[in-house]
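Undergrad: All residue numbers for the sequence shown refer to the working numbering, where the first residue is 1266 and numbers rise by one. Mind looking over this structure? Questions follow.
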Amino acid sequence: MESLDNLYNTVGKIGGPGHVVEIDESKIGKRKYNVGRMVEGSWILGMIDLGTEEAPNPIGDFRLEICSNNSRDGQTLLALINKHFEKGSTIITDCWKGYNGLEENGFEHLTVNHNYNFVDPNTFAHTKTVEANWRPLKKNY
């Protein structure tokens, strides 16, 4: 898994005022006997900067980082977000409680509740771009 971290972890911060960023955490690993829920693996934070309204970046600047202590709690996620993103970024996440408090730390925060829809009907926020990047990674690990 360290090779994934090095492959997608580039130098410098991305985002900033006006930039839209999607973030999603996922567990990358193997299922026991290839059935059921995943039981082994590492939590990974996927982050993609889609640019600004004036200068969109449809491909995005994609980053991955392994969550320390294999944890996706708020303290771990906020440390990774602060490491990779400039303050003032508009961050779109699902409603996982680990993302609570982003606004108090200098970020704009939009959420989408996947229990009801995949695109928020009011803000049009979604995490589809970053989630689309999980499929090829999970296929190989």
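Even for Gly, the Cβ is constructed at its ideal location relative to N, Cα and C. These numbers come from a predicted model, not from an experiment.
(1) Hey, out of V1286, G1281 and G1277, whose CA is closest to I1357's CA?
(2) State buried or exposed for D1289, treating a residue as buried only when at least 16 other CB atoms are found within 10 Å of its CB.
(3) Do F1383 and H1391 count as a contact pair if the criterion is CB distance below 8 angstroms?
(4) Excluding the 5 residues flanking G1366 on each side, which residues of the same chain have their C-beta closer than 8 angstroms to its C-beta?
(5) My output table needs one value for N1306: the three-state DSSP class, helix, strand or coil.
(6) Report the three-state DSSP secondary structure of R1400 (helix, strand or coil).
(7) Check for me: the alpha helix (DSSP H) holding H1349 runs from which residue to which?
(8) Does C1332 pass the burial test, meaning 16 or more other C-beta atoms within 10 Å, or should it be called exposed?
(9) Quick one: what does DSSP say L1269 is sitting in, helix, strand or coil?
(10) Report the rounded CA-to-CA distance for E1351 versus G1281, giving the unit in angstroms.
(11) Report the option in T1317, I1346 and E1319 whose CA atom is closest to the CA atom of G1277.
TA: Walking through what the data contain:
(1) Position 92 of the sequence shown, counting from 1, holds the residue named residue 1357. If we check each option's Cα against that of I1357, V1286 comes out closest.
(2) Taking the first residue of the sequence shown as 1, we reach residue 1289 at position 24. Looking at its Cβ environment, which holds 16 or more other Cβ atoms inside 10 Å, D1289 is buried.
(3) The residue labelled residue 1391 in the question sits at position 126 within the sequence shown. The residue labelled residue 1383 in the question sits at position 118 within the sequence shown. Going by C-beta atoms, H1391 is nearer than 8 angstroms to F1383.
(4) On the sequence shown, position 101 is the one that residue 1366 refers to. Excluding sequence neighbours, G1366 sits near G1339 and L1343.
(5) For the purposes of this step, residue 1306 is taken as residue 41 along the sequence shown, with counting starting at 1. Residue identity differs from the one stated: residue 1306 is Gly in this sequence, not Asn. G1306: coil per DSSP, three-state reduction.
(6) Residue numbering aside, residue 1400 sits at position 135 when the sequence shown is read from its first letter. R1400: helix per DSSP, three-state reduction.
(7) Working through the sequence shown from its first residue, we reach residue 1349 at position 84. Taken as a continuous stretch (DSSP letters only), the alpha helix (DSSP H) holding H1349 covers G1339 to H1349.
(8) The residue given as residue 1332 occupies position 67 in the sequence shown. Buried: at least 16 other Cβ atoms inside 10 Å.
(9) By one-based count along the sequence shown, residue 1269 stands at place 4. Because L1269 carries a pLDDT of 47, less than 50, the predicted location of this residue cannot be relied on, and the following value inherits that uncertainty. Three-state result, L1269: helix.
(10) Counted from its first residue, the sequence shown places residue 1351 at position 86. Counted from its first residue, the sequence shown places residue 1281 at position 16. Looking at the two C-alpha atoms, the distance is approximately 5 angstroms.
(11) The sequence position of residue 1277 within the sequence shown is 12, counting from 1. Selected option, being the one with the closest Cα: I1346.
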